[in-house]
Amino acid sequence: MSFFPKIVFQYEVEEYLTKVFRNKELVTALGTQEAEKKYQSLLSHLSHPPAFTTVRVNTHLASVKHVKKLLFEEIQKQFKGLCVPVLEHPKLQDILLIPVIGPRRDLKKHASEVIVGAQCGYAVLRGAHVYVPGIVSTSRFVKAGDLVSVYSDIEGKCKRGAKEFDGVKVFLGNGISELSRSEIFSSSGPLKGLGIRMVEPVYLSPSFDNVLPSHLFLQNLPSVVVSHILNPQPGEKILDMCAAPGGKTTHLATLMHDQ
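Quick note on numbering: UniProt numbering labels position 249 of the sequence shown as 249, and the sequence is numbered without any gaps.
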């Protein structure tokens, strides 16, 4: 059973996926019911974080084995002794995988609530803490040090600075507020920095904020696979026509030994 609501796409995306999963060839091969089941399964899975957190090792600076040991020790500190393995990818030699634990359905929800935007909510599901710019509203009397329950406003309908919100929201876990409500919504200007330190996330993933920054790069698996498929060689000229955040360009340089 899905822990979160089924994901909702923009019309153009919904239309495209519908054509893919409900096209005549697929329906003929699988039957209408099975094709629809696969489509609904996709929507359910896309509303949850991946089963693994993927990090790429900078093999110029250290071996994968050495970084694996350092990362395991760091995760042990974060998870306070909970033994979560660090795995080497069976096919990609520069990739480490950390299993994601969750959803944890038995977490207690607290009276004090913090509502964050959808983008912030995605980051929390991947192991991030809540930073002030992502906070949309809080309960009336939230103070620094309070234990709060964090929710994501998935429809974007919560008004900034609201004291309560009864719209559609998704529980992300519990955290400790680093600031009071008045500090978060200060009229003196927008604040930056840590707002809520997550201590009981629904999905337990390590935070990579300043964790082995010279040794590791947090990168989604598809972006890693692209570079390995290209298999660039030292001395070649590569024109990256999709150089957006994702880490592919630096990965290409690493595979080419910066030559």
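C-beta: ideal position from N, C-alpha, C; glycine also.
Being a predicted model, the structure only gives us computed values, none of them experimental.
- The same chain holds no residue with a CB closer than 8 Å to that of S186 once the five nearest residues on each side in sequence are set aside.
- Judged by their CB atoms, V8 and I135 are not nearer to each other than the 9 Å cut-off.
- In the structure shown, the three-state DSSP call for K65 is helix.
- In the structure shown, G156 adopts coil according to DSSP, grouped into three states.
- Every beta strand (DSSP E) stretch that sits fully inside the segment 98-135 and reaches 3 residues is listed by chain position as 113-117.
- Taking C-beta atoms under 8 Å as the contact rule, S177 and V142 qualify, at a distance of about 6 Å.
- Going by DSSP, P201 is part of no alpha helix (DSSP H) but of the beta strand (DSSP E) stretching over L194 to P201.
- DSSP places S223 in the helix class (H, G or I) of the three-state scheme.
- Check the Cα spacing between N220 and each of L147, G193, S180 and R126: the tightest is with R126.
- The residue from N210, V225, Y151 and A253 with its alpha-carbon nearest to that of I75 is N210.
- Residue pairing for L96: DSSP places it in a beta bridge opposite V55 and E88.
- The Cβ atoms of E200 and F165 do not sit closer than 9 Å to each other.
- Of all alpha-carbon atoms in H129, T138 and V55, the one lying nearest the alpha-carbon of L194 is that of H129.
- Straight-line spacing of the CA atoms in G156 and Q119 works out to 10 Å.
- When DSSP assignments are scanned along the segment 4-46, the uninterrupted stretches of alpha helix (DSSP H) that are 4 or more residues long and fall wholly within it turn out to be 11-21, 24-30 and 32-46.
- Sorting I196, H89, L191 and T249 by C-alpha distance to the C-alpha of V116 places I196 at the top.
- Our two residues, S205 and E15, have alpha carbons roughly 33 Å apart in a direct line.
- Counting along the chain, L172 sits inside the beta strand (DSSP E) bounded by residues K169 to S177.
- The continuous beta strand (DSSP E) containing L216 extends over residues L216 to L218.
- For the pair I98 and V55, the CB atoms are nearer than the 9 Å cut-off.
- Sorting L191, S149, L179 and R160 by C-alpha distance to the C-alpha of F171 places S149 at the top.
- Contact between the segment 228-238 and the segment 247-259 is present, with at least three C-beta pairs closer than 8 Å.
- With fewer than 16 other CB atoms across the displayed protein chains lying within 10 angstroms of its CB, Y11 is exposed.
- Taking the CA atoms as reference points, V64 sits about 18 Å from V84.
- Secondary structure note for L191: it is in no alpha helix (DSSP H), with a DSSP letter that is neither H nor E.
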